[in-house]
Amino acid sequence: MSKPVNDSRRHFLSVMAGASGALIVGWRTALASQSDLPLELRGGVAEQLGPFVRISADNRITIGARGCEIGQGVITSLPMLIAEELDVDWAQVKVEQLPYGYIETDKGPGNKYGSQGAGGSDSIPQGWKDLRQAGATARWLLLQAAASDWQLPLDQLRTEAGFVIAQTGRRASYGQLAAAAAKIDPPTEPVALKNPDQFRVIGKPTLTADGPAIVTGRAEFGIDAYMAGALFAVVLRCPHMDGDIDTLDDSEARKVPGVKDVIRLPGPKPDEPITGQLATGIAVIAENTWAAIKGRQALKVTWTPGPWASESSATLEAKATELLRGDDGVKVRSDGDFAKARKDAKKVFEARYQVPFLAHATMEPPNALIKIEVDHALLISSLQSPSGASQIISQLTGIPRDKIEIRMTRAGGGFGRRLKNDFVAEAVLIAKAVGKPIKLIWTREDDIAHDFYRPFGVHHLIATLDKKKEITGFAHRCAATPRPYRDVGMKDSPIYTGCLEPDDFPAQLIANLEKTFYPIASGMPRGWWRAPLHTFHAFAVQSFIDELAIELKQDPVALRLKLLGAPRELSYAGHGGPMFDTGRLANVLKVCAEKIGWGRKPGQDRGLGIACHFTFGGYAAHAFEVSAIDGVIVIHRAVCVVDVGRVVNPLGVEAQMMGGTIDGLSTAINLGITVKDGQVQQSNFNDYPLLRMAQAPENVEVVIAPSDKSPSGAGEMGVPSALPALTNAIFAATGFRIRTLPIGDQLKKVL
Amino acid sequence: MQDTPIDSARTSSVPFVADDDTSLPLRINGKPFFHGGDPSMPLLWFLRDTLRLTGTKFGCGIGACGACTVLVDGKAQRSCLTPISAATGHDIVTIEGLATGDALHPVQRAWIEADVAQCGYCQAGQIMAAVDLLKRTPKPNDADISRITNLCRCGTYPRSRQAIKRAAELMHGATK
Chain A
206 MSKPVNDSRR HFLSVMAGAS GALIVGWRTA LASQSDLPLE LRGGVAEQLG PFVRISADNR
266 ITIGARGCEI GQGVITSLPM LIAEELDVDW AQVKVEQLPY GYIETDKGPG NKYGSQGAGG
326 SDSIPQGWKD LRQAGATARW LLLQAAASDW QLPLDQLRTE AGFVIAQTGR RASYGQLAAA
386 AAKIDPPTEP VALKNPDQFR VIGKPTLTAD GPAIVTGRAE FGIDAYMAGA LFAVVLRCPH
446 MDGDIDTLDD SEARKVPGVK DVIRLPGPKP DEPITGQLAT GIAVIAENTW AAIKGRQALK
506 VTWTPGPWAS ESSATLEAKA TELLRGDDGV KVRSDGDFAK ARKDAKKVFE ARYQVPFLAH
566 ATMEPPNALI KIEVDHALLI SSLQSPSGAS QIISQLTGIP RDKIEIRMTR AGGGFGRRLK
626 NDFVAEAVLI AKAVGKPIKL IWTREDDIAH DFYRPFGVHH LIATLDKKKE ITGFAHRCAA
686 TPRPYRDVGM KDSPIYTGCL EPDDFPAQLI ANLEKTFYPI ASGMPRGWWR APLHTFHAFA
746 VQSFIDELAI ELKQDPVALR LKLLGAPREL SYAGHGGPMF DTGRLANVLK VCAEKIGWGR
806 KPGQDRGLGI ACHFTFGGYA AHAFEVSAID GVIVIHRAVC VVDVGRVVNP LGVEAQMMGG
866 TIDGLSTAIN LGITVKDGQV QQSNFNDYPL LRMAQAPENV EVVIAPSDKS PSGAGEMGVP
926 SALPALTNAI FAATGFRIRT LPIGDQLKKV L
Chain B
1170 MQDTPIDSAR TSSVPFVADD DTSLPLRING KPFFHGGDPS MPLLWFLRDT LRLTGTKFGC
1230 GIGACGACTV LVDGKAQRSC LTPISAATGH DIVTIEGLAT GDALHPVQRA WIEADVAQCG
1290 YCQAGQIMAA VDLLKRTPKP NDADISRITN LCRCGTYPRS RQAIKRAAEL MHGATK
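Protein chains in written order, with this note's numbering: chain A, 206 to 956; chain B, 1170 to 1345.
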C-alpha cells in the first residue's frame, strides 16, 4: 500500500459484509497479510477500493479474481461481475488471480474475499450475490469523490467506461479520482445495482482473460511452481485398497543418482475417515522429478493386500443383483402407493442400467509445492478447495491457519478431483519428514489408480401401466457403493446422497412413485465427479423414459413433455433448488428437438436420440444424430440446449456446454474403472482412453435459452443428458439398447 | 510463483555452460544449452525442471496425451518419450519459442481469437501439434485435423478445429 489504511477502509469492509453476507470483516488482519497479494494489487501508486479493485493514477483498472480457475472460466466471469458495476470497459481491465484469503474473525474462520472454492457450479451464483456489490461500492466511492471535488450533487453525476461525467460536461477518469475516493467513508448500506438493461459487460461474449498467457506457455499451473531448495518427490502407493507394506528394499533406489531419501508414508486406517492421504506409500525424494521417478522404479516392495482383497467388479455386480432381488433397501421417497399400482397394473415395464466407477483424470495430475517453517507454511498448488487445503496443513503441522499462505494458480482441470486435498497432505508429511520444501508430483499411473472415484451402481427402474397405457406408477431402485463412505464431511448425510436424489424427475409428476437405495460395501474411495449424482442417474432415468416411450408407441419427446405437464415450479430440496421449473426443462427439450430436426427421418443407418435433465439450477437437453455401422460410433450432429438463467459470459457458457457434451460422450463411449482382487485395473490413458478428436463430433451446436432468472453456474449441466441422448440415438440407429456403460466394444460384438 | 526461476532460458541469451566433456549440447528456442546429467532423462523434464520452460506439460509419460508436444526439427514430438540423448544435435522449439519477438504465431493468434482454452493445460501441446499439421498440410480439411491425437480432457476439440482452420487462413489466405 502506498499509505497507511485509515479506519474508514476498515468500515468499508464491514459494509461489504453487510451487503453480501459472504465477505468477512477484518481489515486489520487483511492488512497484516497484504504481502500475499499479487504485486499489481499491492502496487505503488494504485489505490485500493475494497478487496477486489485497484485503480492507478493513469486509469489502469486491476480486478482481483478470487475463484479457483479449473477451466470453468471464473478468472474471466467473476471479474466481469465487478467490472460491470464498477462501470468500466472490459478492455481497460487487467485481471489478477487472488491468493486464498483466510482471516480470523469474531465468528471464527472467514475469508476476506468470500467464497473461493470451485464446486457444485456455485461460483457464479455466489458472485452474483456479492461481487456486483463490490464493484458498485467502488463506483460509489468514485462518484462521491467527484461530487465533493466538483461541489455538485450526486444526481448530476453519472459514470461511463471508467469516467465520472457531470451534467455540465465536466469529466474525470477513475484514475484521477481514485486517490480521493480511497479516503472517503464507505456507504453504510448496500448501494443500488444496475438494471440489467444497463449491462455493458455482463452478457457480452468475452475471451478468457488468460488467453494470451495460455497460448504462450506463460500461464502458471500448480505443477509449474518451483522453489529454491525444494526437493522433488514421487510416491509409490499401495495398489491394494487399505493394504500395507509387507517388505521394502530401497537399497537400489537410494543408489539412483539424485535420490536423496526414501521414507514411508502411513495410510489412513481401514474404516476410519479418509481426511488426508489416500493410501500407504513410499516416498522417493530426489533432486529432480526424473531422478525421483527412476528411484521409485528401483524400489523393491511386497504388499499385504488388506481387507478388500476379494473385491472385484464382478463381485460388486453380483452383490447389486442380490440386493435388488430383496426388499430391504433404504426408503428415499414414497408417494402414493406404488405396491398397489403394481398390483393393479395391466403391464409392468422394467429395465436395469449399470454405471461404472469413474476416475477424474484431470490433465494436470495432482501435485503440491509446500514449504513448512516453524510458524509459517506456504502452499502453491492447483486446487478446488483452498480452505480444505488450509485445514489439512494446519491439522498436520499445528501451524495456525492465519499463518498458512496459499497461492492459487490455474488448475489443469478439476472435475471434483481437487475438492480433496490428499496430495497436499502427502506433501506436508514428506516435507515434515525431510525438513525441506517439497514439490510432490503424481504420475498418471498414480492418478488413475488412486482417486476418489464416482460411485459404481446399478439402477432398476419400473413403470406400471394401466389398460389405457397410462403410467400409473414409477419406481427407481438403486444399488450402489454409497458416496458418503469414509467422508467426514458427509457423516450426517443420508447414505443415498450423491447416488439418488429424492426430488429428481419424475418425482412429483407421477402419483405413485418410490425411490429406494441399496448400499453395496466396497473399499474403493469415492468422491464428487462433475455433476455427480446427475451423471450417475440421468443415464438410467432418461434411457428408461426412451424405452418406455417405445413400449407405449409414443414419441419420446412428447412423452417427456406430457410427464413434465404444465409449466410450474416444484419443490426441490437438493442442491440447485429450492425449485425445479418444469416449464424451463420442457422448453430446452422443445428447442433441442427443433434444432436437431426431431421427427424427420435421418439418413440410412442413422438415428436421432434426445434427453434432458435438471442439474444444480440449470436446465439442459442434448440431441445427437449418430450412426454405428460395424459398431463404429460416428456422431454426425450434436446439439446442446441450455438454460442457466442470465448468462454472464456467453462464450464461457458455450465452451462449458461443448466441453460438457464431449465429456459426456467420452465417458459414455470409453471410460470405466474396474476392480480386481481389490486393485484398480486401469493405469493410464491407454486403458482409460479419453475421447480423441477423431471420435468427437466436429461441432457441438450450442443454443443458450434466453432468460432473466438469476444465473446458475454452467460447469456441470452440460454433462448428464449427453450420455442417455447418445445411447438413445444409438438405439434409434441400430435397434441395440445400451444399458451398461461404458459402451466399449458392446456394439462391435452385436453389429 | 517461482521465487528463484532460472530465468536465462526465458529472458536472456546467456547459455548454460558445459560442465564437462560428456555434457550433451541442446539447441532450444534458438539458444544453446548443455545437459550434464542422466542422458536418458526425457527432454520434458530438462525443459521443466532445469530450464523452467514450464509451458510444456507433463500429462501421461507414455506419449498418449501429447501435453508435452514440442517441435524437434520442425516436427511435433512427445518430449516425455524423447531422451535427451536423442534430442541432442536437433533444433527444439517449445511453446515459449513459437512467437517471433512480440509477434505471436498465427496458430497462437487463432487460438486466442477462437477462445479455445478451458483449463488450458493441454493447449501448448495442441498448438504445437497444430503448427506441425499446418506445416505439412497448409489447408487441412476436417479429416486432416482429426489426425491430431492430442487429448483434451475439457473437450475443446470443436474450437481447436475452428482455430486450426482460422490459422490456415491467416497463414495461407482464405480456404475455399
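For glycine and all other residues, C-beta sits at the position ideal for the given N, C-alpha and C.
Query	Result
Straight-line Cα distance separating T1219 of chain B from S1254 of chain B	16 Å
Own chain residues within Cβ distance below 7 Å of A351 of chain A, not counting five before or after	L362, V369, A377, L382
Distance between Q589 of chain A and R1316 of chain B (C-alpha atoms, nearest Å)	33 Å
Through-space distance from P707 of chain A to A778 of chain A, alpha-carbon basis	8 Å
Reduced DSSP secondary structure (H/G/I, E/B, other) of A235 of chain A	Low local confidence applies: a pLDDT of 33 at A235 of chain A is under 50, so the model's placement there is unreliable, with the coordinate-based value given in what follows. Of the three classes helix, strand and coil, the one that applies to A235 of chain A here is helix, per DSSP.
Top-ranked residue by Cα proximity to L529 of chain A, from A:K806, A:H681, A:S926, A:Q886	A:H681
Assigned secondary structure, R271 of chain A (DSSP; H/G/I helix, E/B strand, else coil)	coil
Contacts around S1329 of chain B, its chain only, beta-carbon distance under 6 Å, and the 5 residues preceding and following it disregarded	V1285, Q1295
Proximity test, Cβ basis, 8 Å: D1218 of chain B and chain A	yes
Cα-Cα separation between I1333 of chain B and G1266 of chain B, rounded to whole angstroms	19 Å
Enclosing alpha helix (DSSP H) for E569 of chain A [first to last residue]	Looking at the DSSP string, E569 of chain A is not in any alpha helix (DSSP H), and its letter there is neither H nor E.
Secondary structure of I167 of chain A, DSSP reduced to three states	The question about residue 167 of chain A has no answer, for chain A in this structure spans 206 to 956.
Start-to-end residues for the beta strand (DSSP E) that takes in Y307 of chain A	307-310
Per-residue DSSP class, three states only, for P1275 of chain B	helix
E903 of chain A at chain B interface by Cβ criterion, 8 Å	yes
Chain A within 8 Å of T1325 of chain B, Cβ atoms only	yes
DSSP beta-bridge partners of H818 of chain A	A:A825
Neighbour-count burial assignment, L692 of chain A, 16 or more Cβ in a 10 Å radius	Per the sequence shown, the amino acid found at residue 692 of chain A is Asp instead of Leu. Buried, by the Cβ-count rule.
Beta-carbon proximity check, T1261 of chain B vs L1195 of chain B, cutoff 8 Å	Reading the sequence as shown, one finds Ile at residue 1261 of chain B and not Thr. Yes, Cβ-Cβ distance for I1261 of chain B and L1195 of chain B is below 8 Å.
C-alpha distance - I874 of chain A paired with L928 of chain A, whole-angstrom precision	9 Å
Pairwise C-alpha distance: P1327 of chain B and E958 of chain A	Nothing about residue 958 of chain A can be read from this structure; chain A reaches only from 206 to 956.
Same chain, Cβ closer than 8 Å to F404 of chain A, five either side skipped, listed in chain order	E289
C-alpha gap between I487 of chain A and V629 of chain A, whole angstroms	16 Å
Contacting residues, own chain, Cβ-Cβ under 8 Å from N889 of chain A (five flanking each side not counted)	R649, E650, I653
Chain B contact for T997 of chain A (CB, 8 Å cutoff)	There is simply no residue 997 of chain A to check, as chain A begins at 206 and stops at 956 in what is shown.
Beta bridge counterpart(s) of F426 of chain A as assigned by DSSP	A:R615
Candidates A:P711, A:H739, A:V852, A:V279: closest to T614 of chain A by CA position	A:V279
Uninterrupted beta strand (DSSP E) stretches inside the region 838-873 of chain A (no shorter than 3 residues)	839-848
Beta carbon of T1251 of chain B nearer than 8 Å to that of L1216 of chain B	no
Where the region 1196-1210 of chain B meets chain A: residues whose CB sits under 7 Å from a CB there	D1207, M1210
For I867 of chain A and R842 of chain A, believed in contact at Cβ under 8 Å, the rounded distance	Actually they do not touch by this definition, with Cβ atoms about 14 Å apart.
Residue ranges of each beta strand (DSSP E) within the region 865-927 of chain A, 3 or longer	906-909
Helix, strand or coil at G325 of chain A according to DSSP, with G and I counted as helix	coil
Inside the region 622-699 of chain A only - alpha helix (DSSP H) runs reaching at least 4 residues	627-639, 649-654
Proximal chain B residues relative to T820 of chain A, where beta-carbon distance stays under 7 Å	Chain B residues near T820 of chain A: none, gap ~17 Å exceeds 7 Å.
N- and C-terminal bounds of the alpha helix (DSSP H) containing D549 of chain A	543-549
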